[in-house]
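Written out below as C-alpha cells is the structure these notes cover.
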C-alpha cells in the first residue's frame, strides 16, 4: 500500500480523457520515460511477484534512478498514478499533466502545483462539533 498521486483530466469531455493510447504516445516521445509493462518485486517471503500492467513505465530522469530507485508511472482508467512520490516526482508529474491539460491530485483530493507543493485541498472539510454537551442530553 501507499499514498498515490494521480495525473487526472480536468475536463470531463470523453475526447479529452487520458486514454492508454494517448499515454503510450506520450511515453514514446519522452526520452526520460522507459516503457516496461512488467514489474517484479520481492515478496515478504523472498518470493518474486510479477505484475503486468500495459503502459507501465519507469522515469529514467529521476535523480535516484542511477542508484537503482525506480519510479513507476502506472496508467489506469483516465489517469496516471505514482505511489509515494517526493517533490521531484511531483514536479515531473506536473509537467506531464500540462501536456494532457490535466491536474496533479492526491488520494485526499489535494492539488499540486509546478513546484510540487500542495496548493488546494478540494476534499470536504470535517468540522468538529464544538458543543461540549453530552450526546445523550437533550435539554
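In UniProt numbering, the protein residues as written are 1 to 139.
Backbone N, C-alpha and C fix where the C-beta goes; we use that ideal spot for every residue, glycine too.
Please read these numbers as outputs of a predicted model, since none were measured by experiment.
- Give the secondary structure of residue 72 by DSSP, where H, G and I count as helix, E and B as strand, and everything else as coil. Translated into the one-based positions of the chain shown, residue 72 becomes position 72. Strand.
- Alpha carbon of residue 100 to alpha carbon of residue 47, nearest angstrom: Stepping through the chain shown from its first residue, residue 100 is reached at position 100. Stepping through the chain shown from its first residue, residue 47 is reached at position 47. If you draw a straight line from the Cα of residue 100 to the Cα of residue 47, it comes to about 38 Å.
- Item | Three-way DSSP call (helix, strand, coil) for residue 22 in this model | Start at 1 with the first residue of the chain shown, and residue 22 comes out as number 22. Helix, per DSSP.
- Message: Can you tell me whether residue 65 is helix, strand or coil according to DSSP?
- Response: Counted from its first residue, the chain shown places residue 65 at position 65. Helix, per DSSP.
- Does the stretch 8-19 come close enough to the stretch 87-104 to have 3 or more Cβ pairs within less than 8 Å? yes
- Task: In the DSSP assignment, find the alpha helix (DSSP H) that holds residue 94 and state where it starts and stops.
- Result: Here the question's residue 94 lines up with position 94 in the chain shown. Where residue 94 is concerned, the enclosing alpha helix (DSSP H) stretches over 87-99.
- Message: Can you tell me whether residue 51 is buried or exposed? The criterion is at least 16 other CB atoms within 10 Å of its CB, across all chains shown.
- Response: Position 51 of the chain shown, counted from the start, is the residue given in the question as residue 51. The residue in question, residue 51, is exposed, as its Cβ has fewer than 16 Cβ neighbours within 10 Å.
- Message: So the candidates are 62, 36, 21 and 108; which of them puts its Cα closest to the Cα of residue 89?
- Response: The residue given as residue 89 occupies position 89 in the chain shown. Relative to residue 89, the option among 62, 36, 21 and 108 whose CA is nearest is 62.
- Query: According to DSSP, is residue 118 helix, strand or coil?
  - Reply: If you number the chain shown from 1, residue 118 lands on position 118. The answer is strand: DSSP assigns residue 118 an E or B state.
- Item | Beta carbon of residue 60 nearer than 8 Å to that of residue 32 | As a working note, residue 60 is residue 60 in the chain shown. As a working note, residue 32 is residue 32 in the chain shown. Going by C-beta atoms, residue 60 is nearer than 8 Å to residue 32.
- DSSP state of residue 40 mapped onto helix, strand, coil: As a working note, residue 40 is residue 40 in the chain shown. DSSP places residue 40 in strand when its eight states are reduced to three.
- Terminal residues of the beta strand (DSSP E) in which residue 212 lies: In the structure as shown, the chain starts at 1 and stops at 139, and residue 212 therefore has no counterpart that could be examined.
- Item | residue 6 (DSSP reduced to helix, strand or coil) | Translated into the one-based positions of the chain shown, residue 6 becomes position 6. DSSP places residue 6 in strand when its eight states are reduced to three.
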